[in-house]
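Undergrad: Letter 25 of the sequence shown, counting from 1, is numbered 55 in the numbering used here, and no numbers are missing.
Here a beta-carbon is modelled for each residue, glycine too, at the ideal position from N, C-alpha and C.
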Amino acid sequence: LHHLARVVELLLRAAMSAPSARNRRPWAFIVVDNKALLRQLADSLPYAQSAAAAPMAVVVCGVLTESQGATNAGWWVQDAAAASENLLLAAHAVGLGRLSGRACIPPRIACVLGLPRRVVPLNVIPIGYPAENPALKQKWDPAKVRCNGWAE
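Structural data, given as C-alpha cells:
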C-alpha cells in the first residue's frame, strides 16, 4: 500500500509539473480506487469501460474559479490536458499503462463524484498494469517537419 501511494504521488507530481497559462494551475485530481466508484465511472462513460477492472483511475478536472484571469475564458482545458499528458507519460515510465479511457461526459462524472459546479472533469484515466505491451504505433512523418520556415 505504501508503494502504491508513492507511485500515485509520483504520477500526480508529474501532472502538476505541466505548464500552465500564467501559472494559474487550475487543475484538481481525484484519485479513485474504490471499486464501487470505479464501476460507476465505467457505467457512466461509453469509452471508459475498463475503469471497472482498473485498480485505480485519475479524474483530471479544471477548477474554473482558479482559471479566470489567465484570459477572459481561462485556459483550464489546455492546462488540464497538459497535466493529463504528463501523468500518462509518468505512468508509462514506471511500467503502468493507461487502460482505454477517453474524455468524459462532465455531468455524469460530476454527479458520480459529487463535484461542485466550479469543478469540471476533463477526463478519466484508468490506470493499471497492462496485460500486454503492444508495439508503439509508428507515426513519424517527415513531411510534417519544416526547417526555418514553410518552403513548398
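Short check: CB of residue 55 to CB of residue 95, under 8 angstroms?
TA: Counting from 1 along the sequence shown, the entry for residue 55 is found at position 25. Counting from 1 along the sequence shown, the entry for residue 95 is found at position 65. Against a cut-off of 8 angstroms, the Cβ pair of residue 95 and residue 55 comes out as no contact.
Undergrad: In angstroms, rounded to a whole number, what distance separates the CA positions of residue 62 and residue 70?
TA: Counting from 1 along the sequence shown, the entry for residue 62 is found at position 32. Counting from 1 along the sequence shown, the entry for residue 70 is found at position 40. Roughly 11 angstroms between the two C-alpha positions.
Undergrad: State the CB to CB distance for the pair residue 105 and residue 51, rounded to an integer number of angstroms; the pair is presumed to be in contact (CB under 8 angstroms).
TA: Here the question's residue 105 lines up with position 75 in the sequence shown. Here the question's residue 51 lines up with position 21 in the sequence shown. That pair is a contact at about 4 angstroms.
Undergrad: How is residue 84 classed by DSSP in three states: helix, strand or coil?
TA: Sequence index remark: in the sequence shown, residue 84 carries index 54 (1-based). Of the three classes helix, strand and coil, the one that applies to residue 84 here is coil, per DSSP.
Undergrad: With DSSP collapsed to three states, give me the class of residue 142.
TA: Reading the sequence shown from its first residue, position 112 is the one you call residue 142. Reduced to three states, the DSSP call for residue 142 is helix.
Undergrad: Using 8 angstroms as the threshold, is the C-beta distance between residue 90 and residue 34 below it?
TA: As a first step, residue 90 is located in the sequence shown; it is residue number 60 there, counting from the start. As a first step, residue 34 is located in the sequence shown; it is residue number 4 there, counting from the start. In this structure, residue 34 does not lie closer than 8 angstroms to residue 90 by Cβ.
Undergrad: Based on DSSP bridge pairs, tell me the residues matched to residue 91.
TA: The residue labelled residue 91 in the question sits at position 61 within the sequence shown. Paired residues: 58 and 151.
Undergrad: With DSSP run on the structure shown, which of helix, strand or coil describes residue 156?
TA: For the purposes of this step, residue 156 is taken as the residue at position 126 of the sequence shown. Here residue 156 sits in strand by DSSP.
Undergrad: Residue 66 and residue 120: beta carbons closer than 8 angstroms?
TA: Against the sequence shown, residue 66 aligns to sequence position 36. Against the sequence shown, residue 120 aligns to sequence position 90. In this structure, residue 120 does not lie closer than 8 angstroms to residue 66 by Cβ.
Undergrad: Need the endpoints of the alpha helix (DSSP H) that residue 107 sits in, please.
TA: On the sequence shown, position 77 is the one that residue 107 refers to. 106 to 123 is the span of the alpha helix (DSSP H), which, as asked, contains residue 107.
Undergrad: Give the single residue among 141, 112, 109 and 60 whose Cα lies nearest to the Cα of residue 38.
TA: Residue numbering aside, residue 38 sits at position 8 when the sequence shown is read from its first letter. Nearest option by C-alpha distance: 60.
Undergrad: Any idea which residues DSSP pairs residue 127 with across the strands?
TA: The residue given as residue 127 occupies position 97 in the sequence shown. Looking at the DSSP assignment, residue 127 forms a beta bridge with 158.
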